[in-house]
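Here's the structure we're looking at; comments come further down.
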């Protein structure tokens with residue numbers, strides 16, 4: 116999925132890394148003939164890319180970024196106390212990641228990634244949820260779950 120570039124930094128080797136709005140960090144290298152990105156070497160051209168889109172396959176795979184910390188936990192909820200908003204299509208706020216943790220029971224989970232993630236979750240399963248990606252839960256019986264929310268300090 117396409118995510119906004121919000122900044123750049125260099126790694127220890129001097130290679131450029133794009134900071135994405137989804138909190139992932141991706142190396143962007145100019146390595147002809149494999150990748151033609153001469154703009155990453157020019158400060159003005161690089162700055163002009165801030166605010167533009169960049170494909171983030173890590174979000175499509177719902178891979179939780181490294182370096183996040185837990186900011187809050189919602190729940191535990193059961194099949195009676197689960198808020199209606201969590202049963203309908205909803206999304207995690209910008210610059211936050213969620214992680215659904217199923218403590219007891221089973222739920223259906225689907226998320227509008229490419230390709231879509233559709234899974235049957237049972238007790239002990241976890242599912243990372245990228246920011247601003249529509250997803251939904253289907254509860255068909257007794258269940259107990261929590262949703263954890265993560266952010267980055269820097």
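Residue numbers (the numbering used here): 116 to 269.
We treat Cβ as the ideally placed atom computed from N, Cα and C, and that holds for glycine.
Should residue i and residue j be called a contact, given that it needs their Cβ atoms to be closer than 8 Å?
i	j	result
residue 263	residue 213	yes
residue 152	residue 120	no
residue 217	residue 239	yes
residue 133	residue 169	yes
residue 268	residue 228	no
residue 192	residue 260	yes
residue 197	residue 254	yes
residue 144	residue 157	no
residue 235	residue 220	no
residue 226	residue 205	no
residue 105	residue 215	An answer regarding residue 105 cannot be provided, because it is not within the stretch 116 to 269 covered by the chain.
In or out: residue i buried (at least 16 other Cβ within 10 Å) or exposed?
i	result
residue 237	exposed
residue 210	exposed
residue 118	buried
residue 242	buried
residue 185	exposed
residue 258	buried
residue 329	Beyond the ends of the chain as shown, which are 116 and 269, falls residue 329; an answer cannot be given.
residue 195	exposed
When DSSP labels each residue in this structure, what does residue i get in the three-state scheme?
i	result
residue 183	coil
residue 190	strand
residue 259	strand
Comparing the C-beta of residue i with each C-beta of chain D, is any distance below 8 Å?
i	result
residue 127	In the displayed structure, chain D is absent; only one protein chain is listed.
message: Using a Cβ distance threshold of 8 Å, determine whether the region 238 to 249 contacts the region 132 to 143, with at least three qualifying pairs required.
response: The region 238 to 249, when compared against the region 132 to 143, does touch it at the 8 Å Cβ threshold.
task: For the region 205 to 257, list the beta strand (DSSP E) runs that are entirely contained and at least 3 residues long, ordered along the chain.
output: Listed in chain order, the complete beta strand (DSSP E) runs (minimum 3 residues) inside the region 205 to 257 are 212 to 226, 232 to 237, 241 to 244.
query: Whole beta strand (DSSP E) runs in the region 116 to 203 with 3 or more residues, listed along the chain?
result: Listed in chain order, the beta strand (DSSP E) runs fully inside the region 116 to 203 are 117 to 125, 131 to 135, 140 to 142, 168 to 170, 184 to 193, counting runs of at least 3 residues.
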